[in-house]
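At position 52 of the sequence shown the residue is numbered 141 (the numbering used here), and the sequence of numbers has no breaks. Backbone N, C-alpha and C fix where the C-beta goes; we use that ideal spot for every residue, glycine too. Each remark here refers to the structure printed beneath this line.
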Amino acid sequence: MAGIKFEIEKKYGVVSTSPKGWNKELNLVSWNDRPGKFDIRDWDPDHEKMGKGITLTKEELRQLRDLLNEMDL
Numbered sequence: 090m091a092g093i094k095f096e097i098e099k100k101y102g103v104v105s106t107s108p109k110g111w112n113k114e115l116n117l118v119s120w121n122d123r124p125g126k127f128d129i130r131d132w133d134p135d136h137e138k139m140g141k142g143i144t145l146t147k148e149e150l151r152q153l154r155d156l157l158n159e160m161d162l
């Protein structure tokens, strides 16, 4: 993606892998030299291309965790 700078500061894990080899991952990512945010999105195997995703602050990630814990999965 032209003009967007990113750095994966920490890799937490892979949620799933597509048949084409892309991984849906949870990472801590710094976008455009800003402080890192938790990020869930698809990445190609070389982490050069990415799909659409969602970024969450620590507080938002905690709230998501709490919501998931309340669900009967």
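Check the C-beta distance from residue i over to residue j and give it rounded, since I have them as a contact under 8 Å.
| i | j | result |
| --- | --- | --- |
| Val118 | Asp128 | 4 Å |
Who are the near neighbours of residue i in its chain, counting only those whose CB is closer than 6 Å to its CB and skipping five residues on each side?
| i | result |
| --- | --- |
| Lys99 | Leu117 |
| Lys113 | Val104, Ser105 and Asp131 |
| Gly140 | Arg130 and Asp131 |
Beta carbon of residue i, beta carbon of residue j: below 8 Å?
| i | j | result |
| --- | --- | --- |
| Trp111 | Ile93 | no |
| Leu153 | Leu145 | yes |
| Leu165 | Gly125 | Given that the chain is displayed from residue 90 to residue 162, the structure contains no residue 165 and the question cannot be resolved. |
From the DSSP output, read off the bridge partner residues of residue i.
| i | result |
| --- | --- |
| Ser119 | Glu96 |
| Thr106 | Asn112 |
| Met160 | Its beta-bridge partners do not exist; DSSP assigns none. |
8 Å is my cut-off, CB to CB: does residue i come that close to chain C?
| i | result |
| --- | --- |
| Asn112 | In the displayed structure, chain C is absent; only one protein chain is listed. |
Note down, in chain order, each residue of its chain lying with its Cβ closer than 7 Å to the Cβ of residue i, except the 5 sequence neighbours on either side.
| i | result |
| --- | --- |
| Ile97 | Asn116, Val118 and His136 |
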